[in-house]
Amino acid sequence: MEYFDIYNDKKEKTGRTLPRKGSFLQEGEYQLIVLALIERPDHRFLITRRSLTKKWAAGAWEVPGGGVQAGENSLDAVLREVREETGLTLAGDEGRCVYTYSNVDTVRGDNYFVDIYHFRTNFDETGVTIQDSEAIDFRIAAFPEIRALAEEGSFLHYERILQAFAAEGYAVP
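Printed below as a string of structure tokens:
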């Protein structure tokens, strides 16, 4: 069973953990999630399409990411999630955390911080192997393609990605 660390509202670990499945976070308790914007030198990004068996947003397009496991730090988690979901092995020096936001949903116990990383690395389609339980497809997409998917309502986290790019002074094409 997977566990995650519980953070307080200052994004500090509390020393407590909970199982990933079925946990309900109280007010002031958060889990940590990571997302990876993986950009090639030609300014195209790796996006994946969520498995149709996912409870939330099945079939939607997104960037790789997931939950930070107990004892893991944010960078190690994003590198692990990218490797598990796409088969790509990124180096920590290829990217950095460019934006963090929080979500509070005390009704559903779904409180979390999200660290968004921006990686710049050279890769091609032959290096990508998607994890069947996580994704059913992938694309190497130019930003206008991502924008079009967002406009039709089939791309997750689009506004937050724009906020991440703005925070790092990145000009979105």
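Read in order, the letters of the sequence shown correspond to residues 808 to 980 in the working numbering. Glycine residues also receive a C-beta, built at the ideal position from the N, C-alpha and C atoms. Every value quoted in this text rests on a predicted model; they were computed, and no experiment measured them.
Measuring CA to CA, which of the options is closest to residue i?
| i | options | result |
| --- | --- | --- |
| Ile923 | Arg915, Glu809, Lys861, Leu842 | Leu842 |
| Thr907 | Ile854, Ser961, Phe945, Ala973 | Ala973 |
| Glu941 | Asp912, Val911, Arg857 | Arg857 |
| Gln1068 | Arg890, Arg915, Ser909 | Residue 1068 lies beyond the residue range present for the chain, which begins at 808 and ends at 980; the question has no answer from this structure. |
| Leu895 | Ile947, Val935, Arg827, Thr824 | Val935 |
| Val905 | Ile943, Arg967, Thr824, Gln838 | Arg967 |
| Ser909 | Tyr837, Gly829, Ser830 | Tyr837 |
Alpha carbon to alpha carbon, how far is residue i from residue j?
| i | j | result |
| --- | --- | --- |
| Glu959 | Tyr814 | 35 Å |
| Lys818 | Gly976 | 24 Å |
| Ile845 | Ala877 | 24 Å |
| Ile854 | Asp939 | 15 Å |
| Ala864 | Arg847 | 26 Å |
| Tyr810 | Asp883 | 15 Å |
| Pro980 | Gly822 | 42 Å |
| Asp917 | Asp816 | 13 Å |
| Asn880 | Leu897 | 16 Å |
| Ile840 | Phe930 | 24 Å |
| Tyr919 | Gly866 | 23 Å |
| Ile937 | Val911 | 31 Å |
| Gly835 | Arg827 | 18 Å |
| Gly829 | Arg954 | 33 Å |
Going by DSSP, which residues form a beta bridge with residue i?
| i | result |
| --- | --- |
| Val921 | Ile840, Tyr908 |
| Asp812 | Thr824 |
| Gly902 | Phe926 |
| Gly873 | Val841 |
| Phe962 | Trp868 |
| Ile854 | Arg946 |
When the distance is taken between beta carbons, is residue j closer than 8 Å to residue i?
| i | j | result |
| --- | --- | --- |
| Leu969 | Glu869 | no |
| Phe945 | Thr893 | yes |
| Thr933 | Glu901 | no |
| Ala949 | Arg851 | yes |
| Gly872 | Glu888 | yes |
| Leu825 | Ile943 | no |
If contacts are defined as beta-carbon pairs under 8 Å, then residue i and residue j qualify, I think. What distance do you get, rounded to the angstrom?
| i | j | result |
| --- | --- | --- |
| Ala978 | Tyr965 | Going by Cβ atoms, the distance from Ala978 to Tyr965 rounds to 17 Å, so no, they are not a contact pair. |
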